[in-house]
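Beneath this line is the structure, given in structure tokens, with notes to follow.
2 protein chains.
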Amino acid sequence: MSMPDMRDETLGKAAIVLRAARRAFLAGGFGAVSMDAIAREAGVSKATVYAHFGSKEELFGAVVADVAEQRFGAFSAFELDPQDIEASLNTIARRFLDLVLSPEAVAVNRIIIGEVTRFPALGEVFWQAGPERNRAQIEEFLQRAAEAGSLAVADPRLAAEQFASLVRGEIHLQRLFGFESQDDPVVRAQVAGSAVATFLRAFGRA
Amino acid sequence: MSMPDMRDETLGKAAIVLRAARRAFLAGGFGAVSMDAIAREAGVSKATVYAHFGSKEELFGAVVADVAEQRFGAFSAFELDPQDIEASLNTIARRFLDLVLSPEAVAVNRIIIGEVTRFPALGEVFWQAGPERNRAQIEEFLQRAAEAGSLAVADPRLAAEQFASLVRGEIHLQRLFGFESQDDPVVRAQVAGSAVATFLRAFGRA
DNA sequence: GTCTATAATTGGATAGAC
DNA sequence: GTCTATCCAATTATAGAC
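As structure tokens, then:
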């Protein structure tokens with residue numbers, strides 16, 4: 001349970017530690033962050049950290065679970081109109097891109113990918129919480145659009161995957177590789193627009 | 001300089017250490033591998049390791065440079081016929097997919113992404129050595145295909161990015177997240193084929 | 001250059017008082 | 001539950017002999 005709006009004073013020590021650990025791990029990864037550093041940043045002793053979390057691995061797992069519980073993937077497409085197909089796809093593309101390029105999402109992705117060898121369970125958990133939810137949302141909309149006759153989509157699941165891949169494009173991978181450039185909204189809108197244009201050439205009705 | 005075919009006896013100690021470090025880092029990442037382990041695996045003393053590489057960071061950087069130098073990205077598309085567009089695109093897609101899904105490529109990607117916060121320079125180096133080369137190869141072919149009248153591509157660079165994104169698809173990200181499933185060639189051929197089909201619907205002439 | 005042995009430090013984890 | 005103080009193992013790095 002994450003309580004981002006509460007002041008430290010009203011939080012239990014466990015929550016304070018968890019919050020500090022989250023900041024630290026997201027910023028530095030697993031290996032580069034020590035329990036000493038977390039305790040220091042939380043303003044408690046290391047013994048207190050261990051009173052609530054049995055080990056560094058356990059604390060790390062709790063952080064990941066906490067982040068995942070915030071429903072990273074959840075962006076909705078339910079209210080969008082399948083008739084106005086180009087505008088709706090553009091909206092979806094922008095929401096999706098803003099989500100996957102957000103600093104916190106990038107940080108979490110980096111950590112999971114970097115530590116999945118050491119913590120094999122994390123990959124699946126996070127895939128379900130993130131990309132899988134996103135794909136489901138997109139698929140739902142494409143299904144509706146196909147039924148409304150706005151798109152020629154035979155396999156909505158595959159089309160949703162391809163749409164997501166097109167929108168993510170190179171920029172997502174670049175971000176994972178540490179490129180901080182191209183952060184301006186203009187580039188994002190352009191990337192999203194190009195992806196939608198290509199998708200519509202492949203699956204559009206007109 | 002990587003000399004993968006040479007026996008240990010003919011290699012200098014530096015090369016032996018580098019090779020052992022490469023195996024170790026690729027298997028376990030940076031944080032989980034100790035200099036002791038590398039020295040042991042190389043069959044030399046730790047002092048010898050430090051005689052050739054000043055620090056763990058420096059050794060890690062040398063490994064990354066060594067891997068990058070093998071031209072990870074280099075797959076060629078020069079000999080493919082732009083007239084037989086579908087077959088050629090399928091060949092490109094398969095080569096590209098086989099490359100990015102190869103265990104070594106996945107391992108390197110994981111490490112770079114996981115450690116880019118600690119080693120900011122690595123990201124750019126590897127991007128140039130990998131994805132950028134691939135994109136250039138694809139772009140060159142699309143350019144030729146456009147000139148031959150096989151494709152309706154206005155912006156070859158953008159089209160190459162979109163082609164690469166479509167082919168990589170979800171499966172690449174899944175692999176980075178640790179999914180070892182779907183490794184059979186049938187799935188790969190199917191993924192590549194779907195990507196090419198969608199790409200051709202968007203950019204094909206017929 | 002290479003080894004053995006060891007220094008120096010870090011970092012995960014705990015004991016014991018309150 | 002929380003703190004101070006500490007233990008202990010692992011790890012980076014180096015000294016000194018050959």
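Heads up: the protein sequence lines correspond to chains A and B, in order.
Numbered according to my numbering, the first sequence spans residues 1 to 206.
Numbered according to my numbering, the second sequence spans residues 1 to 206.
From the three backbone atoms N, C-alpha and C, an ideal C-beta is built for every residue, glycine too.
Check: Can you check DSSP and say which residues form a bridge with G31 (chain B)?; Outcome: Looking at the DSSP assignment, G31 (chain B) forms no beta bridge with any residue, so it has no partner.
Check: Alpha carbons only, please: which of A:P82, A:A152, A:N134 and A:P156 is nearest the one belonging to F96 (chain A)?; Outcome: A:N134
Check: Look at the alpha carbon of A159 (chain A) and the alpha carbon of V125 (chain B), and state the distance between them as a whole number of angstroms.; Outcome: 33 angstroms
Check: Look at A14 (chain A) and F60 (chain A) and say whether their C-beta atoms are less than 9 angstroms apart.; Outcome: no
Check: So, is M1 (chain B) buried or exposed, given that buried needs 16 or more other C-beta atoms within 10 angstroms?; Outcome: Note that M1 (chain B) scores a pLDDT of 49, beneath 50, so its modelled location is shaky; the value from the coordinates is reported in the next line. That one is exposed.
Check: Looking only at its chain, what residues have a beta carbon closer than 8 angstroms to the beta carbon of L176 (chain A), apart from the 5 residues adjacent to it on each side?; Outcome: V106, N109, R110 and I113
Check: Please find out if some non-hydrogen atom of the ligand SAM comes closer than 8 angstroms to the beta-carbon of P82 (chain A).; Outcome: By its list of ligands, the structure shown contains no ligand whatsoever, and the ligand SAM lies outside what it can speak to.
Check: Can you pull the chain A neighbours of Q162 (chain B), defined as C-beta to C-beta under 8 angstroms?; Outcome: L166, G169, S194, A195 and T198
Check: Relative to the alpha-carbon of E161 (chain B), which residue among A:G169, A:G28, A:A68 and A:R94 has its alpha-carbon at the smallest distance?; Outcome: A:G169
Check: CA-CA distance, G29 (chain A) and E147 (chain A)?; Outcome: 45 angstroms
Check: Could you give the DSSP three-state label for G130 (chain B): helix, strand or coil?; Outcome: coil
Check: For G178 (chain B) and P156 (chain A), which I take to be in contact (beta-carbon distance under 8 angstroms), what is that distance rounded to the nearest angstrom?; Outcome: Not quite, the Cβ-Cβ distance comes to about 26 angstroms (not below 8 angstroms), so this is no contact.
Check: Quick check: is the beta carbon of I38 (chain B) nearer than 9 angstroms to any beta carbon in chain A?; Outcome: no
Check: So does the region 181-200 of chain A actually touch the region 73-84 of chain A, counting three or more Cβ pairs closer than 8 angstroms?; Outcome: no
Check: Quick one: does E124 (chain A) have its CB under 9 angstroms from some CB of chain B?; Outcome: yes
Check: Counting only Cβ-Cβ distances shorter than 8 angstroms, please list the residues of the region 134-147 of chain A near chain B, keeping chain order.; Outcome: R135
Check: Taking the alpha-carbon of P185 (chain B) as reference, which of B:G130, B:A93, B:L142 and B:L173 has the nearest alpha-carbon?; Outcome: B:A93
Check: With DSSP as the reference, please indicate the residues paired to G204 (chain B) in a beta bridge.; Outcome: B:L151
Check: If we ignore side chains and look at the alpha-carbon of each, how far apart do F163 (chain A) and V63 (chain B) end up?; Outcome: 36 angstroms
Check: Cα-Cα, which of A:V153, A:A192, A:F141 and A:K56 is closest to D81 (chain A)?; Outcome: A:F141
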